[in-house]
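When the letters of the sequence shown are read in order and numbered with my numbering, they come out as residues 3 to 334. Reviewing the structure listed below.
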Amino acid sequence: MFGSACVKVSLANYHTFGLQVYAARLLFPQNEAEVPTLAEQATYVIGEGSNILPTGNLPALLTTRGLLGFQILRESHTEVEVEVAAGENWDGWVRYALHRGWYGLENLAAIPGSVGAAAVQNIGAYGVELAPFLVSVYGWHKERKAWLTLPAEACALGYRTSIFQTPEWRDQFIITRLRLRLQRRFVPVLDYPDVAARINPKKQHDPWHLYQTVRRIRSEKLPNKGNAGSFFKNPLLGQTELARLRQKAPDVPAFPYGAESYKVPAAWLIDKLGLKGYRIGGAMVHPRQPLVLVNTGTATPQDVLALATYIQARVQEAWGIQLEPEVRLLHP
Ligand SMILES: Cc1cc2nc3c(=O)[nH]c(=O)nc-3n(C[C@H](O)[C@H](O)[C@H](O)COP(=O)(O)OP(=O)(O)OC[C@H]3O[C@@H](n4cnc5c(N)ncnc54)[C@H](O)[C@@H]3O)c2cc1C
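Dropping the structure here:
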C-alpha cells in the first residue's frame with residue numbers, strides 16, 4: 003500500500019494540547035520508500051505531536067507514525083547497537099530495550115512522543131539525555147534530494163536542541179531512523195533529587211524498579227494530555243549573567259550545565275511571580291507545575307499564545323531574562 007493521505011483532518015488525535023485545529027492534509031508514509039514523494043507535499047513534519055503548538059489551522063503535515071521496526075546492527079557482551087525506526091513510540095521502545103537487557107534509557111521512561119523526535123530536541127529527564135546513546139541519525143533531505151546519515155557529532159545536540167531545529171534542517175530533513183548504542187551492564191543514575199528521594203543507591207540494582215519509579219514520579223506530576231510538557235526551556239546562563247540575576251534573586255537555584263553554563267529553573271522564575279494557576283481564556287499555568295501551560299478544555303491557540311507571551315513579558319520585566327519556548331510553534 004502507498005502511504006495514505008487524509009484531506010482536512012482534525013488534529014485532535016495528532017497533538018497533545020487538544021486544540022480544535024485542522025490540517026489541510028495529513029500524510030502517512032508506511033515505509034521509508036514512500037517518504038521522498040510524500041515529503042514533497044508536506045509543509046511540516048511531526049511525530050506524535052507532544053511538543054507542538056498549532057497556532058491555527060495548518061497546511062499539509064507528514065507524520066512519521068507509520069515508520070516502525072528496529073534492527074540490531076552490532077552486539078557484544080558489553081553493548082549493543084540498534085537502529086530504531088522514527089515512528090516507534092519512545093516509551094514503548096525504552097520498555098522493549100529493558101526487556102532485552104539493554105540499559106541506559108531508564109530515566110527517560112514515559113517521555114511522550116516518537117523515537118525520531120527524541121533527537122530533534124535531545125530529550126532529557128531526571129539527569130539523563132539522549133545524547134550519549136545516539137550514534138547517528140538517518141533520514142531524507144528534501145532540498146538535497148538525498149538520504150543522509152549524520153553521525154551524532156554532526157547533530158549539534160545540546161540542552162533541548164540540535165541541528166534539526168535550524169532553518170536548514172527543520173522540516174527539510176525527515177528523520178526515519180536513529181542508531182543507538184545501549185549498555186548490557188545496568189548503571190543507575192540516581193542523583194536527580196526526585197529520584198534520589200525514592201531510591202536508596204545502596205540497595206538499588208533493578209532497572210525495572212528505576213523505570214517504574216520514574217514513571218510514577220512523572221504520572222504524579224503531569225497528565226500526558228492537554229499540554230505539551232515544559233512550555234519554555236530552562237535558561238542557560240554564563241557566570242556574569244547568573245551573578246546579575248542573583249542581585250535580584252539571591253536564592254535562585256542554578257545547576258552547572260557543561261563547562262561554563264548554569265541551568266536556572268524557568269519554573270522557579272515563573273513561580274516567584276505568583277503565576278501558578280494564572281489564566282487567559284481557556285489556557286492556564288498549571289497550578290503545581292508553572293513551566294507547563296494547559297488547555298483547560300476550551301483553550302484556543304490564541305489563548306495559549308497570549309498566556310505564553312504574557313509570561314515571557316513578566317519574566318523579562320522582573321528578571322531580565324528572555325524565556326525561549328521549548329514547544330515548537332506551527333503556524334498556518
Ligand atoms: C506531558 C509531557 C511531558 C514531557 N516531558 C518531557 C521531558 O521530560 N523531556 C523532554 O525532553 N521532553 C518532554 N516532553 C516533550 C516531548 O515529549 C518530546 O519533545 C518528544 O520528543 C516529542 O516527540 P513527538 O513525536 O511527539 O514530536 P512532535 O511533537 O510531533 O514534534 C516535535 C518537533 O520535532 C520535529 N519532528 C518530529 N519528528 C520528526 C522527524 N521524524 N523528523 C524530523 N523532525 C521531526 C517536529 O517538526 C517538531 O519540531 C513532554 C511532553 C509532554 C506532553
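Backbone N, C-alpha and C define an ideal beta-carbon position, used for all residues, glycine too. All values reported here derive from a predicted model rather than from experimental measurement.
Neighbourhood of residue i by C-beta, 7 Å cutoff - its chain only, sequence neighbours within 5 removed
i: MET3; result: Residue placement at MET3 is flagged as unreliable, the pLDDT there being 41, under the threshold of 50; the coordinate-derived value follows with that caveat. For MET3, where only same-chain residues beyond five positions count, the Cβ hits under 7 Å are GLN32.
i: SER158; result: Going by the sequence as given, residue 158 is Ala instead of Ser. If we look at ALA158 and ignore the five residues flanking it on each side, its Cβ neighbours are SER164, ILE165.
i: PRO225; result: none
i: ALA111; result: ASP93, VAL96, TYR213, VAL216, ARG217
i: GLY279; result: MET286, VAL287, PRO289
i: PRO327; result: PHE233, PHE234, ALA310
i: VAL86; result: PHE72, TRP95, VAL117, ARG179, LEU180, LEU182
Close-in-space but distant-in-sequence residues of the same chain around residue i (CB under 6 Å, 5 per side omitted)
i: GLU50; result: GLY115, SER116
i: TYR16; result: GLY51
i: SER263; result: LEU238
i: GLU145; result: GLN174
i: TRP171; result: ILE165
i: PHE188; result: TYR105, PRO209
i: HIS333; result: THR57
i: ASN59; result: VAL23, TYR24, PRO334
i: GLY141; result: PHE175, ILE176, ILE177, THR178
i: GLN185; result: GLU81, TYR105, GLY106
Closer than 7 Å: residue i CB and nearest ligand 1 heavy atom
i: ASP196; result: no
i: ASN53; result: yes
i: LEU224; result: yes
i: ASN229; result: yes
i: GLY49; result: yes
i: ALA133; result: no
i: GLN324; result: no
i: GLN214; result: no
i: ALA154; result: no
i: GLN43; result: no
i: ASP173; result: yes
i: SER116; result: yes
i: ARG162; result: yes
i: ILE282; result: no
i: ILE125; result: yes
i: GLY141; result: yes
i: TYR46; result: yes
i: ALA88; result: yes
i: ILE272; result: no
i: PHE30; result: no
i: VAL317; result: no
i: PHE166; result: yes
i: ILE219; result: no
i: ARG330; result: yes
i: THR39; result: no
i: THR18; result: yes
Terminal residues of the beta strand (DSSP E) in which residue i lies
i: ILE176; result: 175-185
i: LEU224; result: No beta strand (DSSP E) holds LEU224; DSSP gives it neither H nor E.
i: GLN73; result: 72-77
i: PRO134; result: PRO134 -> no beta strand (DSSP E), and no H or E assigned at all.
i: LEU309; result: Per DSSP, LEU309 belongs to no beta strand (DSSP E); it is in the alpha helix (DSSP H), 303-321.
i: GLU108; result: Looking at the DSSP string, GLU108 is not in any beta strand (DSSP E), and its letter there is neither H nor E.
i: ALA285; result: 285-287
i: VAL189; result: Careful: VAL189 lies outside any beta strand (DSSP E) and carries neither H nor E.
i: ALA87; result: 81-87
Per DSSP, cross-strand counterpart(s) of residue i
i: SER232; result: VAL294
i: LYS265; result: LEU238, PHE257
i: ARG63; result: The question names Arg, but residue 63 is Leu in the sequence shown. In DSSP, LEU63 forms a bridge with LEU28, TYR46.
i: PRO195; result: For PRO195, which the question treats as bridged, DSSP gives no partner whatsoever.
i: PRO114; result: Paired residue(s): none; PRO114 is not in a bridge.
i: ARG330; result: ILE54
i: TRP149; result: TRP142
i: SER12; result: TYR24
i: ARG281; result: MET286
i: ALA127; result: VAL130
i: GLY299; result: None, per the DSSP bridge assignment.
i: GLY160; result: THR163
Unbroken alpha helix (DSSP H) run spanning residue i, endpoints
i: VAL96; result: 92-102
Cβ neighbours of residue i in the same chain (closer than 8 Å, five flanking residues each side left out)
i: ILE219; result: TYR128, ASP196, VAL197, ARG200
i: LYS10; result: TYR24, ALA25, ALA26, ARG27
Are the segment 180-199 and the segment 16-31 in contact at 8 Å, needing three or more beta carbon pairs?
-> Touching, no.
Are the segment 121-131 and the segment 61-81 touching, with three or more C-beta to C-beta distances below 8 Å?
-> no
The segment 264-271 / the segment 237-256 touching (three or more Cβ pairs under 8 Å) | The segment 264-271 is in contact with the segment 237-256.
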